Structure formats: C-alpha cells, structure tokens
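What follows is a single structure, written as structure tokens, with notes after it.
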Amino acid sequence: MSSETQKPAIMKLVTNDGENFDVPLDVIRLSTTINTMLQDLGLDNESNDPIPICNVSGPIMKKVLQWCTFHKDDPPSTDDSDNREKRTDDIPSWDVEFLKVDQGTLFELILAANYLDIKGLLDVTCKTVANMIKGKTPEEIRRTFNIKNDFTPEEEEQIRKENAWILSPRSRCPIHQAQREKRSQSLFVRPRNQPRIKKIRYNFLLFLVIDGSPCVSGDENHGEENVQPKTFKELGVCDPLCEACERLDWKAPSKIQSAALPHALSGRDVIGLAETGSGKTGAFALPILQSLLETPQKLFALVLTPTRELAFQIAQQFEALGAGIGLIVAVIVGGVDMTTQALALAKRPHIIVATPGRLVDHLENTKGFNLRALKYLVMDEADRILNMDFEVELDKILRVIPKERRTYLFSATMTKKVAKLERASLKDPARVEVSTKYKTVDKLKQHYLFIPFKYKASKYAKKPEYLCNFLRYLGSTAMLLRQLGMQAVPLHGQMGQEKRLGALNKFKSKVKDILVCTDVASRGLDIPHVDLVVNYDVPSQSKDYIHRVGRTARAGRAGLAVTFVTQYDVEVYQKIEAHIGKKLTEYSCVEKEVMLLVERTQEASEMAVKEMKEMAEKKKKGKKRGLEDIDDSEEMPAKFKKSLKGKKGGKLNIRKGPKAR
Numbered sequence: 001m002s003s004e005t006q007k008p009a010i011m012k013l014v015t016n017d018g019e020n021f022d023v024p025l026d027v028i029r030l031s032t033t034i035n036t037m038l039q040d041l042g043l044d045n046e047s048n049d050p051i052p053i054c055n056v057s058g059p060i061m062k063k064v065l066q067w068c069t070f071h072k073d074d075p076p077s078t079d080d081s082d083n084r085e086k087r088t089d090d091i092p093s094w095d096v097e098f099l100k101v102d103q104g105t106l107f108e109l110i111l112a113a114n115y116l117d118i119k120g121l122l123d124v125t126c127k128t129v130a131n132m133i134k135g136k137t138p139e140e141i142r143r144t145f146n147i148k149n150d151f152t153p154e155e156e157e158q159i160r161k162e163n164a165w166i167l168s169p170r171s172r173c174p175i176h177q178a179q180r181e182k183r184s185q186s187l188f189v190r191p192r193n194q195p196r197i198k199k200i201r202y203n204f205l206l207f208l209v210i211d212g213s214p215c216v217s218g219d220e221n222h223g224e225e226n227v228q229p230k231t232f233k234e235l236g237v238c239d240p241l242c243e244a245c246e247r248l249d250w251k252a253p254s255k256i257q258s259a260a261l262p263h264a265l266s267g268r269d270v271i272g273l274a275e276t277g278s279g280k281t282g283a284f285a286l287p288i289l290q291s292l293l294e295t296p297q298k299l300f301a302l303v304l305t306p307t308r309e310l311a312f313q314i315a316q317q318f319e320a321l322g323a324g325i326g327l328i329v330a331v332i333v334g335g336v337d338m339t340t341q342a343l344a345l346a347k348r349p350h351i352i353v354a355t356p357g358r359l360v361d362h363l364e365n366t367k368g369f370n371l372r373a374l375k376y377l378v379m380d381e382a383d384r385i386l387n388m389d390f391e392v393e394l395d396k397i398l399r400v401i402p403k404e405r406r407t408y409l410f411s412a413t414m415t416k417k418v419a420k421l422e423r424a425s426l427k428d429p430a431r432v433e434v435s436t437k438y439k440t441v442d443k444l445k446q447h448y449l450f451i452p453f454k455y456k457a458s459k460y461a462k463k464p465e466y467l468c469n470f471l472r473y474l475g476s477t478a479m480l481l482r483q484l485g486m487q488a489v490p491l492h493g494q495m496g497q498e499k500r501l502g503a504l505n506k507f508k509s510k511v512k513d514i515l516v517c518t519d520v521a522s523r524g525l526d527i528p529h530v531d532l533v534v535n536y537d538v539p540s541q542s543k544d545y546i547h548r549v550g551r552t553a554r555a556g557r558a559g560l561a562v563t564f565v566t567q568y569d570v571e572v573y574q575k576i577e578a579h580i581g582k583k584l585t586e587y588s589c590v591e592k593e594v595m596l597l598v599e600r601t602q603e604a605s606e607m608a609v610k611e612m613k614e615m616a617e618k619k620k621k622g623k624k625r626g627l628e629d630i631d632d633s634e635e636m637p638a639k640f641k642k643s644l645k646g647k648k649g650g651k652l653n654i655r656k657g658p659k660a661r
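Quick note on numbering: the numbering used here labels position 415 of the sequence shown as 415, and the sequence is numbered without any gaps.
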C-alpha cells in the first residue's frame, strides 16, 4: 500500500457503537492511524472490509469527520515544538466555533484525535483546554471542569493505566490483528468489550493530555467534598441572572445548584436527586432562563409538578428571576377556569408551569395550542408525579413534545418508576446526587411524643407560635385551635384553588400562625418561616415523613419536628426510624401541666364541632356562611359530612348552638 492508487476511493469505517461511515480518502488522509491500518491490513481496491475504530463513538466520529472535511486541504501537522509554542493562543476562528461544545464532547474529541493520530485536531483541542485553564488556580480549575477529588491512590493508578492504554498507539495493534483473524465483530459491535473512560474521569484525562499532572493532589483527604463555588458567576451564570439572584438574596449556590448548573449550562440533560429544601428550583430555572436570553422564543420551557401549590410557587420563582427580562409565565392547573387559561396560553408565554392532568386537557381541547417548538422539559418532584397516577398523562405529553430537547428530572427520592422515566425521557443525563438515600437534613431536630390516644388533641394548647400540622380531621382541628385563641388556617385538596392559595398566602405572610393541612402541602412548598412541624398522625411511609418534616429546616435553617405516637403507631414509627437511620429522642413534656389543659381542650373541641355543624346546615340550605372570621375553613371534605349525618334518614342532626360572633 505505498501509493494512493492502490487505496480504495471510499474507506469504510465502523465505530465502537456499530455505526458505519463511508469516508472519502482525501477527508481522512490526515489520520496517520487509519493510513497505517490500511497498510497493516493489506486492503486493496476490491476490499469491502470496514476499519474498526474501537475507541471512538459514532457522534464523536461525525465531529472528527466534520473537522477533517474542513481542513482536508491543510498541510499535515508537524511535531515542531517551537512552532507549537508560537501558536499557543492562535486558534482559527472556525475551530473556535467548532469547539464550542460541552466538556465531555471536548475530551472525547481529544481522545479521538489522539487515537486516530490527527495532529491538527489534537493540537487545537488541547490548546482550547489550555486556554480555558490559563491563569486559574487549581481550585478554580476544579470548579471549571467539575473535578472531583475522590480518587483513592489505587483508583488513581488504575486510571493512569487505563488512560495510558487508550492513549498509546500500541493499543491499536491488537485491533489490526483481530481484523486479520476475522474476529473484529466482537470488538467493535459490542462496545462493552472495549476499555471505556467514564465521564467523571474526563477531568483526570484533562491533566494527563495537557501536562501530565494528576487531578488528585497528595495533601488532600480523599472523600472530602469539593470546594463549593462562592458565587453563581463562578458556575457560569450570566450577569443579568446573577443580579436577579442578588435581588432574591441568594447569596451563594446550594449544593444541588453547584452540582447541577455546570452540566445544565453546558447543554446536557440532568437528573438531580437532592433532599427537600435544597434549592432544586434554582438549579433548573437558571439554565433555562440563560438559554432563553441567548435564543428568545415563546413556549420555550415546560415545568411539570404534582400539585397546584408547587406550580404557583415555581412560577413565582421564575417571575422573580425573570423580572428584569420581561419573562411571561403561565400556570396551568386544575381548579381554575379553562377559558381563562386558554387565553393565557394564546399569548404564548415563555414558561408554562403545569400539572400533567390539566395540561393534557388543553393539549386535547384548546384550539391552536401545541408544544412542538418546546426546548426544555422539567419534571419536578418526579416520584410524586408518578405516585399520583399521572403516568398516562406523562406518556401523552412526551409523545407530543420534540425529541430534540433538554430534559431535567428532579426529585428528592429515587424509585423504580423514576428510573424507568429517566430511561424513557432523558438522553445521556448527568446524574447529580446531593442526597443518595432517604434522609432528613442535619439541622432538623426530630422528636417523638408518646400520647395515649384519648388525650391526643389536648396537646395543642402548649404549641409555639409557628406550626405546620398534618392532621386527618383538619377542619375540626383548625376550629379547635381558633377556640383556643390561636390563628389557624386549614389547607386540603378539596378546597377551591383560589381558597387554597388564599390560605397558603395568609400563612406565608404571617397573617395566620398555624397551617393545618393534609399531605397536599408536604412536598415542594417553600415557606421560610416554619419553625415547627407537628405530625399529628404517624405517616405510613418513611418518604412521606421525610417530606412532611422537610417543610422546616429549609435552605440551611434550623427547625424542629415533633411526631405524636400513640400505642397504635409504635410499629410504623420504628420502621421510619430504621429507614432514616436515626433514633428520635422523646420531646420533653411535663405531664401534670398538660393534664391541666385537658378540660379546656375538650370544651374547645365541643365548640368546634358545633361550628362545623352550623356551617354544614347553612350550606345545605343555600345560605351564606355566618362565620365571616372563618373564611379559611372552606368546604368540608366528604368524610366530615358523613361523620355529621344523623341516624334517621341520613339527615343532619343539628343541635342549636350559640350564634356566631
């Protein structure tokens, strides 16, 4: 194979993932390796055997061929070190644009250029990385490239050997021999048989390729957390959004934001697992808004949430971050008139925050509305979306949105359903785990209080100012607390949407001190001033317990959670302790003082029941409610109505009580 005429005009290449390429010889001539393969394999004009490119994937090979096509008329690169020194900062403008890729792709190109021995491509990729780290301290380099200092000495040595094998030209020889022996199928069709570097190890490859220095320094302790970026700007967030973060008093990125933002800003899909209250909303809102600033477009992003309250909260954060850039956000949830929502969608907002069920209603029934131009999809609290039987709606949504999009999936817990959803909707995602198991935050003090079942309600007279209670019979409990002189407001799933938001806003603005609610408020809601969570009933699932107590001790603050345990709850309570890996301590309480309050609490409870019966009677007769000061009590759940029915004919058995104040 000494002359060009002996070589085929078209060369067949096959990558490690089985993708075939027909490449003109004048395009690939810059690769010393492939020309060597032709000679080693003795191919001639009549040969149709493909050349196995075992350490290069199909997408990266396309990038390599794109570069080679543009530079096919360039003279071959030399190894003149003097010339290289002179051209350290001299990167052609076309190459600068060509190499505006994410970190993983850049390092894949370095690997491919080195393996294929394309000196020009290797030179320009290495220069690009060298310019990125020029003048930066080791700590800044680690932040820029998300370098993890968690390699043990044994792992470091193994990575060195693996990199040396892949980067060594000698590693190509066995591949040539395998082709001669007609056993190449097992090499290039099954990429798992090939040595592969995980993406987390690219940062190690960075130093091996550029200057040979390791990414693990000997004076650092293995297993320590990475240095946290001090500002959003260090993570790559643009100036307008950094200013928005300052206005919101976001002083420094949280752990999940520090881990997820570099991947999201580089254009990758992200799956984020983080404990509740860790700042997940900012982790997906900032990259979406930054991308929107670069390429303005209507109907740009869709955020799916399991509950209405969480949808409004996320929308508020988007609006706050985008206040200076004219951002338009639409909230599409149940409990609101569809015509009003259709008008909002007709204005083509930038961001849609929706619950899956109502969004599908609009996709099927609202004329002219579609998501064919969507660029970003976010699924927040994904585990709960799936647990609430939204799988059918999710399937419908995924079928009508573009496949070429960025997808972010965030959750506090990982389940089998979430893992299945990840495989179905995300492409090569960056997995970010701030919390890898079910647990609660460290600054949350957790206690239990053992209470005989018959005395359970009596303990409310001793509760502090700020409470977030999760109660089964919340209607009567809210009234009970009012009778005891406390400012309480209920929140449950059967309330109208306006009243639900009104109740939540009263608690957030501290007009009401106590929020008495069901699990509808246990996920995602960020209410900064909650100091205490009281679990009136022990939740049946440990995950529900984590999310309930997660309403306090958010964003690094301290908090207290107390769980009432009766003689019937001990087994479930012990299972929760086992799952979270903590033993709850008993909440100190002077029994004699509490018992003095039993009579007072029982009287208040009787008054609360009377109020509920009066409200039920007035509603049945079509009258307006007489208790104007109980505008928060809303409609009673069906279970309350049943409990108030009399024995004869199913009618309400109402006793005359005192007139409403």
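Note that CB positions come from ideal geometry on N, CA and C, so glycine has one too.
Every value quoted in this text rests on a predicted model; they were computed, and no experiment measured them.
State buried or exposed for Glu422, treating a residue as buried only when at least 16 other CB atoms are found within 10 Å of its CB.
Looking up residue 422 in the sequence shown gives position 422. Glu422 comes out buried.
Neighbourhood of Thr69 by C-beta distance below 7 Å, restricted to the same chain and skipping five residues each side:
Counting from one through the sequence shown, the residue named residue 69 turns up at place 69. Hits under 7 Å: Val27.
Could you work out which residue in Arg308, Asp123, Lys427 and Ala285 is closest to Gln497 when comparing CA atoms only?
The residue you call residue 497 lines up with position 497 of the sequence shown. Ranking the options by Cα distance to Gln497, first place goes to Arg308.
Does the distance from the CB of Glu381 to the CB of Phe410 come in under 9 Å?
Here the question's residue 381 lines up with position 381 in the sequence shown. Here the question's residue 410 lines up with position 410 in the sequence shown. In this structure, Phe410 lies closer than 9 Å to Glu381 by Cβ.
Sequence-distant residues of the same chain with beta carbon closer than 7 Å to Asp675, five excluded per side
Residue 675 lies beyond the stretch modelled for the chain, which goes from 1 to 661, so this question has no answer here.
Mind checking which residues open and close the beta strand (DSSP E) that includes Ser411?
What you label residue 411 is simply residue 411 of the sequence shown in a count that begins at 1. Start and end: Arg406 to Ser411.
Just list the residues that DSSP pairs Glu586 with in beta bridges.
What you label residue 586 is simply residue 586 of the sequence shown in a count that begins at 1. In DSSP, Glu586 forms a bridge with Tyr448.
Are Lys255 and Ser278 closer than 9 Å when you measure CB to CB?
In the sequence shown, counting from the first residue as 1, residue 255 sits at position 255. In the sequence shown, counting from the first residue as 1, residue 278 sits at position 278. Yes, they are a contact pair.
Look up Leu532 in the DSSP assignment and say whether it is helix, strand or coil.
Along the sequence shown, one-based indexing puts residue 532 at 532. Reduced to three states, the DSSP call for Leu532 is strand.
For Asn387, does the three-state DSSP call read helix, strand or coil?
Counted from its first residue, the sequence shown places residue 387 at position 387. Asn387: helix per DSSP, three-state reduction.
According to DSSP, simplified to helix, strand and coil, what is Phe369?
In the sequence shown, counting from the first residue as 1, residue 369 sits at position 369. DSSP places Phe369 in coil when its eight states are reduced to three.
Quick check on this structure: which residue in Leu515, Val609, Gly335 and Ser509 has the alpha carbon closest to the alpha carbon of Pro662?
Here the chain comprises residues numbered 1 to 661, so residue 662 is not present and cannot be evaluated.
Could you work out which residue in Tyr408, Phe300, Phe232 and Val353 is closest to Gly272 when comparing CA atoms only?
The count along the sequence shown starts at 1 and reaches residue 272 at position 272. Out of Tyr408, Phe300, Phe232 and Val353, Tyr408 has the C-alpha closest to the C-alpha of Gly272.
Beta-carbon spacing of Arg554, Asn535 below 9 Å:
Locating residue 554 in the sequence shown gives position 554, counting from the first residue. Locating residue 535 in the sequence shown gives position 535, counting from the first residue. Cβ distance not < 9 Å, so Arg554 and Asn535 don't count as in contact.
Assign Glu243 to buried or exposed, taking buried as 16 or more other Cβ atoms, counted over all protein chains shown, within 10 Å of its Cβ.
Position 243 of the sequence shown, counted from the first residue, corresponds to residue 243. Burial call: exposed.
Alpha-carbon to alpha-carbon, Thr552 and Val538:
By one-based count along the sequence shown, residue 538 stands at place 538. By one-based count along the sequence shown, residue 552 stands at place 552. Those two C-alpha atoms are separated by around 17 Å.
Just to confirm before moving on: does the CB-CB distance between Ile451 and Val565 stay below 9 Å?
Taking the sequence shown and counting its residues from 1, one reaches residue 451 at position 451. Taking the sequence shown and counting its residues from 1, one reaches residue 565 at position 565. Yes, Cβ-Cβ distance for Ile451 and Val565 is below 9 Å.
How would you label Pro253, buried or exposed, when you count the other beta carbons within 10 angstroms and need 16 or more for buried?
Numbered from its first residue, the sequence shown carries residue 253 at position 253. Classification of Pro253: buried, given that the 10 Å Cβ count is 16 or more.
Rounding to the nearest angstrom, what Cα-Cα distance links Thr355 and Val400 in this structure?
The residue labelled residue 355 in the question sits at position 355 within the sequence shown. The residue labelled residue 400 in the question sits at position 400 within the sequence shown. Each residue's alpha carbon lies about 16 Å from the other.
For Val237, count neighbouring C-beta atoms within 10 Å of its own C-beta (all shown protein chains included) and say buried if the count is 16 or more, exposed if not.
Mapped onto the sequence shown, residue 237 falls at position 237. Burial call: buried.
To the nearest angstrom, how far is the alpha carbon of Val336 from that of Leu310?
Position 336 of the sequence shown, counted from the start, is the residue given in the question as residue 336. Position 310 of the sequence shown, counted from the start, is the residue given in the question as residue 310. Cα-Cα distance, rounded: 15 Å.
Whether Leu449 touches Thr601 by CB criterion (9 Å):
The residue labelled residue 449 in the question sits at position 449 within the sequence shown. The residue labelled residue 601 in the question sits at position 601 within the sequence shown. No, these two residues do not count as a Cβ contact at 9 Å.
Enumerate in chain order the residues of its own chain whose CB-to-CB distance from Asp95 is below 7 Å, with the five nearest sequence positions on each side excluded.
Residue 95 sits at position 95 when you count from the first residue of the sequence shown. For Asp95, where only same-chain residues beyond five positions count, the Cβ hits under 7 Å are Val124.
Given Gln341, which residues of its chain have a CB within under 7 Å of its CB, disregarding the five upstream and five downstream residues?
On the sequence shown, residue 341 is found 341 positions in, with the first residue counted as 1. Once the five neighbours on either side are set aside, the close Cβ partners of Gln341 are Ile332 and His362.
List the whole-angstrom C-beta distance separating Lys443 from Arg557, where the pair is believed to meet the contact cut-off of C-beta under 8 Å.
Looking up residue 443 in the sequence shown gives position 443. Looking up residue 557 in the sequence shown gives position 557. Rounded, the Cβ-Cβ distance is 7 Å, consistent with contact.
List the endpoints of the continuous beta strand (DSSP E) containing Pro92.
In the sequence shown, residue 92 corresponds to position 92, counting from 1. It is not in any beta strand (DSSP E) - Pro92 carries neither H nor E in the DSSP assignment.
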